[in-house]
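What follows is one structure encoded as structure tokens, with my remarks underneath.
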Amino acid sequence: MNRKLTALLAAMALALAATGCGGGSGGDSGKITLGFSQVGSESGWREANTKSVKESAQAAGIDLKFSDAQQKQENQIATIRSYIQQKVDVIAFSPVVVTGWDAVLKEAQAAKIPVVLTDRAVDSDPSLYVSFLGSDFVKEGEAVGDWVLDEYKDATGPVNIVQLEGTVGSAPAIDRKKGFESKIAANPNLKVIASQSGDFTRADGKEVMQAILKANPKIDLLFAHNDDMGLGAIQAIEEAGKKPGVDIKIVTIDAVHDGMQALADGKINFIAECSPLLGDQLMDIVKKIKAGQPVDKRIVTTETTFTQQQAAEALPTRKY
Ligand code: GYE
């Protein structure tokens, strides 16, 4: 080999080491590099999910690149493109909405970087990602719907229901609504009189509920797609001089700490759990992918439901 070529190869090796791009074998430390694009920090659920991902990556010895998209799809797409450019080993993300991912997923596939979906689904062809880890949101909506059906089984007149929906176009908002409405359809007394998005945040939950309270003098039940919107609505209900959990019954999804506290305190009536603790399972998937082992295309999180009494019992040992 001539001298010039040897020098060139040495320089290239150095450059690769400096940028941590080992051609897909991780950083210069030999660690696996995972690029993770988070939805945002809109809720207690999201906070617990972010903590879980960060702690599990550290425990697994995985080099985590983390980015918060502030609930904007364009931010997530830009971040994923930057992870592709950085040649991370694996990309994971929690897609803010279901549609619009084909182009960037094809770019990742062309760059031979495996993609794992966590928490939320996309409507792209499943061949564009390796695995999807997260809850069954339709089931969660059904669990809430079942509770409402039972609670009002003896109702003789109309039961006025308000629904606070999650982020427009997101998998949990679409599926929770579908699951809930499919169940309550069994009793014609159960009527959804208003259904609006509160974007999964406490602030929007409060604001939207204030407007709905003004427009609707008789509300029997509120279904909020997550605890945080329910907690915001509780403030609006109290400020309107009504008793949450009594004058207006409240059912939500997530079972994060503040939601469970409100349930134990009698301000919420029922919660279907949605576990944010996806970190350990995600790191296992990433390691398997890098080891060339097969991973399941769909991994569904195990979850439960809570009544007020069950919440009081579970609170002291709850992890989030
Ligand atoms: O229920 C909500 C969060 O995607 C399951 O997003 C998640 C949802 C969760 O903002 O609180």
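According to mature numbering (1 follows the signal peptide of the UniProt record, and there is no 0), the residues represented by the sequence shown are -20 to -1, 1 to 300, in order. Each residue gets a CB set at the ideal place from its N, CA and C atoms; glycine is no exception. Quick caveat: nothing in here was measured; it's all calculated off a predicted structure.
Where residue i sits in the DSSP three-state scheme
i	result
residue 95	strand
residue 229	strand
residue 42	coil
residue 169	coil
residue 66	coil
residue 301	Examination of residue 301 is not possible in this model, given that the chain is present from -20 through 300 alone.
residue 26	helix
residue 89	helix
residue 235	coil
residue 271	coil
residue 218	helix
residue 59	helix
residue 112	strand
residue 182	helix
residue 316	No information on residue 316 is available, as it lies outside the stretch -20 to 300 that the chain covers here.
residue 12	coil
residue 315	Residue coverage of the chain in this structure runs from -20 to 300, which leaves residue 315 outside it and unanswerable.
residue 279	strand
C-alpha distance - residue i paired with residue j, whole-angstrom precision
i	j	result
residue 272	residue 197	60 Å
residue 97	residue 164	31 Å
residue 208	residue 92	38 Å
residue 30	residue 84	23 Å
residue 262	residue 222	43 Å
residue 200	residue 129	13 Å
residue 226	residue 243	12 Å
Buried/exposed call for residue i, threshold 16 Cβ in 10 Å
i	result
residue 280	exposed
residue 150	buried
residue 143	buried
residue 147	buried
residue 50	exposed
residue 152	buried
residue 177	buried
residue 13	buried
Inter-residue CB distance, residue i and residue j (contact presumed, cutoff 8 Å)
i	j	result
residue 258	residue 113	6 Å
residue 302	residue 72	Residue coverage of the chain in this structure runs from -20 to 300, which leaves residue 302 outside it and unanswerable.
residue 33	residue 56	So it is not a contact: roughly 15 Å between Cβ atoms.
residue 38	residue 80	Residue 38 to residue 80, Cβ: 32 Å. No contact.
residue 43	residue 67	Wrong, their Cβ atoms sit about 12 Å apart, outside the cutoff.
Any chain B beta carbon closer than 9 Å to residue i
i	result
residue 240	Among the chains of the structure shown, chain B does not appear; only one protein chain is present.
At least 3 beta-carbon pairs within less than 8 Å: the segment 107 to 123 vs the segment 132 to 140: With the cut-off at 8 Å, the segment 107 to 123 and the segment 132 to 140 do not touch.
Sufficient close CB pairs (3 or more, under 8 Å) joining the segment 181 to 200 to the segment 152 to 164: By the Cβ test, the segment 181 to 200 is not in contact with the segment 152 to 164, since fewer than three Cβ pairs between them sit closer than 8 Å.
Cβ contact (3+ pairs, closer than 8 Å) linking the segment 244 to 251 and the segment 80 to 91: The segment 244 to 251 makes no contact with the segment 80 to 91; the number of CB pairs closer than 8 Å stays below 3.
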